[in-house]
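In my numbering, the protein residues as written are 9 to 143. We treat Cβ as the ideally placed atom computed from N, Cα and C, and that holds for glycine. See structure below.
As structure tokens, then:
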């Protein structure tokens, strides 16, 4: 992994679309983590959606299992990966609304997940933190 030039403490970074995070959010709630806004010593689970979440070696096995499962699942999708998103209200008062359609390029999502899994493997092997900065 390359070091980001702006900050020598950051080895690599990845941007995962917020809609994709929301789609897989239930499974992210199973991952052990630390929420520095609450405590650096108390273990939590899940991501702090609006703030910082720290993942360390205790998080790695669960993270690897979850993201490997998503990678395997999305590998079977068509090239145009279409997912069902949140319920959205219509601006037209006569129409109730409907489920949002999330559209991704399958290969882009697979590449993101592979990069993330590579970071998780580093997390397993070394004394590092992987952190989520929220939205």
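Margin query: Applying the 10 Å Cβ sphere with the 16-neighbour rule, what's the burial state of residue 95?
Written below: exposed
Note to self: Can you look up residue 11 in the DSSP assignment and give me helix, strand or coil?
What the structure shows: For residue 11, the pLDDT reaches just 40, beneath the cut-off of 50, and the residue's location in the model is therefore unreliable, although a value from the coordinates is still provided. Reduced to three states, the DSSP call for residue 11 is coil.
Checklist line | Those residues which DSSP pairs with residue 139 across a bridge | finding: 62
Checklist line | Proximity to residue 67 [Cα-Cα], best of 37, 104, 20 | finding: 37
Next item on the list: Along the alpha helix (DSSP H) that carries residue 104, what are the first and last residues, could you check?
Entry: Looking at the DSSP string, residue 104 is not in any alpha helix (DSSP H), and its letter there is neither H nor E.
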